[in-house]
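**Student:**
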């Protein structure tokens with residue numbers, strides 16, 4: 059069985075797979091583990107996990123992928139829909155705690171359960187229950203995989219002495235932004251002018267989600283002339299007005315860009 063929530067597809071999106079794809083897949087094949095994938099936003103964690111979920115399924119593993127929402131009733135609905143798409147024979151959860159209990163039972167029964175945006179569950183009284191489950195677990199046949207976008211928040215959840223999940227056994231995997239070489243290799247196949255490529259990288263660094271967002275607004279794959287100073291400026295100003303984290307997400311080092319170009 060396999061359930062992955064649907065998402066909008068763009069067939070001509072050109073970027074290569076995440077550079078850590080093979081490394082992460084190799085680790086996540088293990089059963090009986092609690093994995094926590096941590097990385098800043100928009101670096102392709104969800105897309106990476108969607109691809110890995112497909113591959114785990116092709117290896118004969120049952121995989122259930124859900125995205126957490128910061129509301130008990132909404133989370134219950136998300137799990138109910140996912141379970142229905144995964145296996146219609148399963149009972150439908152009636153409340154928040156029943157929903158998580160069902161996910162845990164599935165993991166114990168041999169399902170790889172993936173929870174995206176795990177940190178959204180922090181204020182819903184779930185972690186005390188998860189603490190009890192982790193303390194009592196004995197050789198589950200599946201694995202629990204949690205993805206977290208806010209590195210500081212996830213660090214507090216896992217390593218703060220005040221957290222219910224403090225020192226609970228887990229395997230942390232740090233997901234990094236795309237490296238410049240992968241981005242350049244992806245853009246090179248589009249035959250974009252090198253100054254256009256460098257303009258994009260200087261604005262968006264290794265944050266693949268920003269390339270995608272700019273692509274949605276200005277389809278530079280069909281017309282590279284849309285990558286103009288004015289369009290980039292409008293786009294970035296729009297991000298600044300909507301997203302206070304934007305500046306902290308960019309740490310470009312131009313020497314690394316030049317090194318990637320030379321390769």
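Residue numbers (my numbering): 59 to 321. No residue lacks a Cβ here, since even glycine has one placed at the ideal position from N, Cα and C. The structure presented is a predicted model; accordingly, all values stated were derived computationally and were not measured.
Give the straight-line distance between the Cα atoms of residue 97 and residue 174, rounded to the nearest whole angstrom.
**Tutor:** Their Cα atoms are separated by approximately 12 Å.
**Student:** In chain order, which continuous runs of the alpha helix (DSSP H) of length 4 or greater are located wholly inside the segment 168 to 215?
**Tutor:** Segments of the alpha helix (DSSP H) lying fully in the segment 168 to 215: 185 to 194.
**Student:** Can you say whether residue 134 is buried or exposed, counting buried as having 16 or more other CB atoms within 10 angstroms of its CB?
**Tutor:** That one is buried.
**Student:** Please report how far the alpha carbon of residue 139 lies from the alpha carbon of residue 122, in whole angstroms.
**Tutor:** Residue 139 and residue 122: Cα-Cα distance of roughly 11 Å.
**Student:** Roughly how far, in whole angstroms, is the beta-carbon of residue 100 from the beta-carbon of residue 268, given that I think they are within contact range, below 8 Å?
**Tutor:** Indeed, because the Cβ distance is near 6 Å, the residues count as touching under 8 Å.
**Student:** State the Cα-Cα distance for the pair residue 312 and residue 294, rounded to the nearest angstrom.
**Tutor:** Reliability fails at residue 312, whose pLDDT of 48 lies under 50, so the model's placement of it is uncertain and the value that follows must be treated cautiously. Roughly 19 Å separates the two Cα atoms.
**Student:** Residue range of the alpha helix (DSSP H) that residue 141 falls in?
**Tutor:** Segment 130 to 144, the alpha helix (DSSP H) holding residue 141.
**Student:** Classify residue 193: buried if its beta carbon has 16 or more other beta carbons within 10 angstroms, exposed otherwise.
**Tutor:** Answer is exposed; the Cβ neighbour count stays below 16.
**Student:** In the structure shown, what three-state DSSP assignment does residue 114 receive?
**Tutor:** Helix.
**Student:** Could you have a look at residue 108 and say whether DSSP puts it in helix, strand or coil?
**Tutor:** Three-state DSSP puts residue 108 in a helix.
**Student:** Which residue wins for smallest C-alpha separation from residue 113, given the options 92, 86 and 155?
**Tutor:** Answer by Cα proximity: 86.
**Student:** Rounded C-beta distance between residue 128 and residue 197? I'm assuming under 8 Å.
**Tutor:** So it is not a contact: roughly 32 Å between Cβ atoms.
**Student:** Tell me the residue span of the alpha helix (DSSP H) that contains residue 83.
**Tutor:** Where residue 83 is concerned, the enclosing alpha helix (DSSP H) stretches over 79 to 86.
**Student:** Kindly list the residues whose CB is nearer than 6 Å to the CB of residue 157, restricted to its own chain and excluding five residues on each side of it in sequence; keep chain order.
**Tutor:** The residues are 134, 137 and 151.
**Student:** Can you tell me which of 164, 189 and 228 puts its alpha carbon nearest to the alpha carbon of residue 326?
**Tutor:** The requested residue 326 is not part of the displayed model; the chain covers only 59 to 321.
**Student:** Using only the alpha-carbon positions, how far apart do residue 206 and residue 237 sit?
**Tutor:** Looking at the two C-alpha atoms, the distance is approximately 20 Å.
**Student:** Excluding the 5 residues preceding and the 5 following residue 261 in the sequence, name in chain order all residues of the same chain whose CB lies nearer than 6 Å to its CB.
**Tutor:** Closer than 6 Å at the Cβ level, and outside the excluded window around residue 261, lie 290.
**Student:** In whole angstroms, give me the CA-to-CA distance for residue 89 and residue 202.
**Tutor:** About 9 Å.
**Student:** Measure the alpha-carbon distance for residue 332 versus residue 213 and round it to whole angstroms.
**Tutor:** Coverage of the chain is limited to positions 59 through 321, which leaves residue 332 absent and any answer about it impossible.
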